Amino acid sequence: MSWLTLLAMAALVFISRYIFLEPKLPIRLGPKILHFLHYTGPAVLTAIWAPIVFHQNGELNLEINNPYFIAAIVATILAITTRNVLISTVFSMALFFMIK
Amino acid sequence: MSENIPLDTAKLSTSQAIFKGALIILPLSIAVIPWGILAGSLAVEAGLLDTQAQAVSALVFAGSVQLVGMGLIKAGASLATLLLTTLFLTSRHLLYSATLRTRISHLPIHQRLILGFLLTDELFAVCSHQTRKQFSFWYAFGAGFSFYIIWQLASLSGILLGQSIPNLDQYGLDFAVAATFIAIVLPTIKKLSVLVTVVIALFLSVTFSVLEIEGGIIYSSLIAMSFGYAVSMIRKEPL
Chain Y
1 MSWLTLLAMA ALVFISRYIF LEPKLPIRLG PKILHFLHYT GPAVLTAIWA PIVFHQNGEL
61 NLEINNPYFI AAIVATILAI TTRNVLISTV FSMALFFMIK
Chain E
1001 MSENIPLDTA KLSTSQAIFK GALIILPLSI AVIPWGILAG SLAVEAGLLD TQAQAVSALV
1061 FAGSVQLVGM GLIKAGASLA TLLLTTLFLT SRHLLYSATL RTRISHLPIH QRLILGFLLT
1121 DELFAVCSHQ TRKQFSFWYA FGAGFSFYII WQLASLSGIL LGQSIPNLDQ YGLDFAVAAT
1181 FIAIVLPTIK KLSVLVTVVI ALFLSVTFSV LEIEGGIIYS SLIAMSFGYA VSMIRKEPL
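Read top to bottom, the protein sequences are chains Y and E.
Numbering of the first sequence is given in my numbering, commencing with residue 1 and proceeding in unit increments.
Numbering of the second sequence is given in my numbering, commencing with residue 1001 and proceeding in unit increments.
Structure (structure tokens):
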């Protein structure tokens, strides 16, 4: 990896985080665009976690004894009932490493 | 978590606000440690020099971009793929900065730049509930900067451990990523349109991943977002 590539990645990330914090930015996001962007978080975050849970070492794993799957179900239940990120994460990870 | 967030942080002293911010983000800082270790070890495994590996965490400071990016570099993906994937993964931050615009854009430039640099999923999660009056720079800074320090230390551990323990990526540390995102996303499903978005993103991202389609995260997210948007339009859901 070249330093230039690294800096380009850093610049893209920083610009996307900063751009709307700049008061001089003349662009205004219309209500439809904002409404569409509203779904970015759930869509992108799910598209990152789902393959981790169901696709390992090049194979689709939909088995009920898949430790990722079992722990993800526990994380889901804990996340919905407790709404506490630490509790959901720590307990589901502990379970994951026990059954893995 | 959201129940006990001190909403009105504008009246606190500087040091109190920094401390409160660091304290409120602490659960997320702890949950991110395995992820940081993984990011550090993956960077080394992708062939980066130690200094570069740490620089990625210090300058890019974005877990999902780092994990997916290092995977792409290791797989020998093109520069265009790497930057396009980065652009899309990071595009959700556009929404975060747009949401926080009313709270941050009136601050002095150095404060804006600092908060922009520190604006992760986690910092957004602890700041997004506050109104403009309740928001304070030092509270957000305490949360964002303490999270940044933890991320650097966790990455450094990963870089050092990655050299003494081979195949650190085989220990299932990537489950921490899944667990954290599940914990962030699932409680936000309160409308049918969001549920549809999540279900379609789940199905398509796994399908594209199995089919080894480059940029699968990009396509699955855009399609899922379109469906979510369409469902909310058809059902006339309020935002």
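A virtual CB, placed ideally from N, CA and C, is assigned to each residue, including glycine.
Small disclaimer: the values here were computed from a predicted structure and weren't measured.
Item                                                                                                                           : Value
Segment limits, alpha helix (DSSP H) that includes Arg1132/E                                                                   : No alpha helix (DSSP H) holds Arg1132/E; DSSP gives it neither H nor E.
Contact set between the stretch 59 to 87 of chain Y and chain E, restricted to residues whose Cβ is under 7 Å from the partner : Leu60, Tyr68, Ala71, Ala72, Ala75, Thr76, Ala79, Ile80, Arg83, Asn84, Val85, Leu86
Within chain Y, partners of Asp1174/E - CB distance below 8 Å                                                                  : Ile52
Beta-carbon neighbours of Arg1101/E, restricted to chain Y and to distances below 7 Å                                          : Phe20, Leu21
Secondary structure of Leu60/Y, DSSP reduced to three states                                                                   : strand
For Leu1067/E and Ile1005/E, the rounded distance between their alpha carbons                                                  : Here the model assigns Ile1005/E a pLDDT of 48, short of 50, so the residue's position is not dependable and the matter cannot be decided.
Residue burial classification, Gln1130/E (beta-carbon count within 10 angstroms, cutoff 16)                                    : buried
Contacting residues, own chain, Cβ-Cβ under 7 Å from Ala10/Y (five flanking each side not counted)                             : none
C-alpha distance - Gly1173/E paired with Leu78/Y, whole-angstrom precision                                                     : The displayed chain sequence assigns Leu, not Gly, to residue 1173/E. Rounded to whole angstroms, Leu1173/E to Leu78/Y spans 19 Å at the Cα level.
For Ile1182/E and Thr76/Y, the rounded distance between their alpha carbons                                                    : 6 Å
Helix, strand or coil at His55/Y [DSSP, three-state]                                                                           : strand
Min CB distance Ile27/Y to chain E below 8 Å                                                                                   : no
Classification of Gly1063/E by the beta-carbon crowding that lies within 10 angstroms, buried from 16 upward                   : buried
Beta-carbon separation (whole angstroms), Met93/Y vs Phe1117/E, contact threshold 8 Å                                          : Actually they do not touch by this definition, with Cβ atoms about 28 Å apart.
Within 8 Å, strictly: CB atoms of Leu107/Y and Ile1030/E                                                                       : Nothing can be reported for residue 107/Y, as the shown portion of chain Y is limited to 1 through 100.
Alpha-carbon to alpha-carbon, Phe1137/E and Glu1003/E                                                                          : The predicted model places Glu1003/E with a pLDDT of 40, which falls under 50 and marks its position as unreliable; any figure quoted below should be read in that light. Distance between the alpha carbons of Glu1003/E and Phe1137/E: 21 Å.
Beta carbon of Val50/Y nearer than 8 Å to that of Ala1201/E                                                                    : At residue 50/Y the sequence reads Ala, which differs from the Val that was named. The answer is yes: Cβ separation under 8 Å.
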